[in-house]
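Working notes, structure below.
There are 2 protein chains.
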Amino acid sequence: MKIEIQDQYIESFKEFLTRKGLRVTNQRMAIFGAAFSCDNHFTAEDLLEQARKLDDSVSRATVYRALPLLTESSLIREVDVGKDYKYYTANKDVKTFQAQVICMDCEKIFEIDAPFMEWYGKTVAEKLLLSVEDQRLQVSARCDQLKLKGECNRVFAK
Amino acid sequence: MKIEIQDQYIESFKEFLTRKGLRVTNQRMAIFGAAFSCDNHFTAEDLLEQARKLDDSVSRATVYRALPLLTESSLIREVDVGKDYKYYTANKDVKTFQAQVICMDCEKIFEIDAPFMEWYGKTVAEKLLLSVEDQRLQVSARCDQLKLKGECNRVFAK
DNA sequence: GACTCAATTGAGACTCAATAACAATATAGC
DNA sequence: GCTATATTGTTATTGAGTCTCAATTGAGTC
Numbered sequence: 575m576k577i578e579i580q581d582q583y584i585e586s587f588k589e590f591l592t593r594k595g596l597r598v599t600n601q602r603m604a605i606f607g608a609a610f611s612c613d614n615h616f617t618a619e620d621l622l623e624q625a626r627k628l629d630d631s632v633s634r635a636t637v638y639r640a641l642p643l644l645t646e647s648s649l650i651r652e653v654d655v656g657k658d659y660k661y662y663t664a665n666k667d668v669k670t671f672q673a674q675v676i677c678m679d680c681e682k683i684f685e686i687d688a689p690f691m692e693w694y695g696k697t698v699a700e701k702l703l704l705s706v707e708d709q710r711l712q713v714s715a716r717c718d719q720l721k722l723k724g725e726c727n728r729v730f731a732k
Numbered sequence: 575m576k577i578e579i580q581d582q583y584i585e586s587f588k589e590f591l592t593r594k595g596l597r598v599t600n601q602r603m604a605i606f607g608a609a610f611s612c613d614n615h616f617t618a619e620d621l622l623e624q625a626r627k628l629d630d631s632v633s634r635a636t637v638y639r640a641l642p643l644l645t646e647s648s649l650i651r652e653v654d655v656g657k658d659y660k661y662y663t664a665n666k667d668v669k670t671f672q673a674q675v676i677c678m679d680c681e682k683i684f685e686i687d688a689p690f691m692e693w694y695g696k697t698v699a700e701k702l703l704l705s706v707e708d709q710r711l712q713v714s715a716r717c718d719q720l721k722l723k724g725e726c727n728r729v730f731a732k
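Sequences listed follow chains A and B, in order. Under the working numbering, the very last position in the first sequence is 732; numbers go up by exactly one each time. Under the working numbering, the very last position in the second sequence is 732; numbers go up by exactly one each time.
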């Protein structure tokens, strides 16, 4: 599988590792590359599968060890959808705040721009004299609604 | 341990069970009572511990079986904080939409009114021609910020 | 109050995402 | 290339949540 990733991201991640006194290993770069080759949201297991296509020695444990590094470096972020397992997505060129719209039936996740949220989150936080570290707006919807737009997985997959 | 719960909630839950053709059992009522005796957010394990004070025969499986009933009846609701386990809280007299402010260090959860969210969520959803089933706004903050207000668990617990 | 039968229960086995332990391996600085 | 040590894969383990099934119990009926 051929992967095209902007050099700036690769360098950014290498720099992050070096600055923290961590080593640049084949496995870490394979996992990083896999994360950026995924267009959609992915689970740790998805990431393992993709990373193994780049380096078949990558193990499950190493993926779980790399995930905190990738989130800490802001190259990916967690997307919590209320399931027992976690989703992640690459922070490519996202500028505006995005809300996650989750189909409760087929588990497909849409991210849509919600620029106003930025202001709103800060307003909410001011009530507690807090500075916001992170905020998420999650909207749950039903599959049969998404079907109207022909974008539900089930329309194609089943 | 003495529990005081408004009769209306007890009746409401009994009615919910009966309407669904389910039985009113001691265990279910103990779990219900435990949920309403918790002032704060609680996990399934917390609920088991509390429920056993009211009826020591309550088992873990029964707690997990009762939780969907309690959420379905709108007497409690899930509060997702991005941990591996779930939190719940009783829906006592909450009228307005609330945002969850989570201390990333001590795991304490604050719920604060965010009435504007209701309108905002709908606006966001309209972009996808969806009707909103549920929405949550989560704000992450750091413990040392909460300490300013003297409300962080660690101030008291450690 | 006793009878009946399906709903419910507790105990314990099980699942599965995530983590820990540890010996083997590979990296970065020399 | 050499060395110290960070990192790795393998395997075992954890822990929240689910499932199974025999035993029990609630609620309608007499």
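Even for Gly, the Cβ is constructed at its ideal location relative to N, Cα and C.
Tell me the residue span of the beta strand (DSSP E) that contains residue i.
i, result
"TYR661(A)", "661-664"
"ARG651(B)", "650-653"
Where do the N-terminal and C-terminal ends of the alpha helix (DSSP H) with residue i fall, by residue?
i, result
"VAL637(B)", "634-646"
"LEU621(A)", "618-628"
"ARG602(B)", "600-611"
For residue i, which residues in the same chain have their Cβ closer than 6 Å to its Cβ, ignoring the five residues on either side in sequence?
i, result
"THR663(B)", "HIS615, VAL653"
"ALA804(A)", "Not covered by the structure: residue 804(A). The range shown for chain A is 575 to 732."
"MET575(B)", "With a pLDDT of 44 at MET575(B), under the threshold of 50, the modelled position of this residue cannot be trusted, and the question is left open."
"LEU622(B)", "ARG634, VAL637"
"LEU722(A)", "Low local confidence applies: a pLDDT of 49 at LEU722(A) is under 50, so the model's placement there is unreliable, and no value is given."
"PRO642(B)", "none"
Does the distance from the CB of residue i to the CB of residue j come in under 7 Å?
i, j, result
"LEU734(B)", "PHE587(B)", "Chain B is shown only over 575 to 732; residue 734(B) falls outside these bounds and no answer can be derived."
"LEU596(B)", "LEU711(A)", "no"
"VAL675(B)", "VAL713(B)", "yes"
"PHE590(A)", "SER647(A)", "yes"
"TYR659(B)", "THR617(B)", "yes"
"ALA640(B)", "ARG593(B)", "no"
"GLN582(A)", "ALA608(A)", "no"
Going by beta carbon distance, what residues of the same chain come within less than 7 Å of residue i, once the five residues before and after it are set aside?
i, result
"ARG626(B)", "VAL632"
"ILE584(B)", "none"
In chain order, what residues of the same chain lie with their CB nearer than 8 Å to the CB of residue i, ignoring the 5 residues before and after it?
i, result
"ASP620(A)", "CYS612"
"TYR661(B)", "HIS615, PHE616, THR617, GLU652, VAL653, ASP654, VAL655, ILE683"
"THR645(A)", "ARG651, GLU652, TYR662"
"ASN665(B)", "SER648, LEU649, ILE650, ARG651"
Are there three or more Cβ pairs, one per stretch, closer than 8 Å when the region 617-634 of chain A is compared with the region 634-642 of chain B? no
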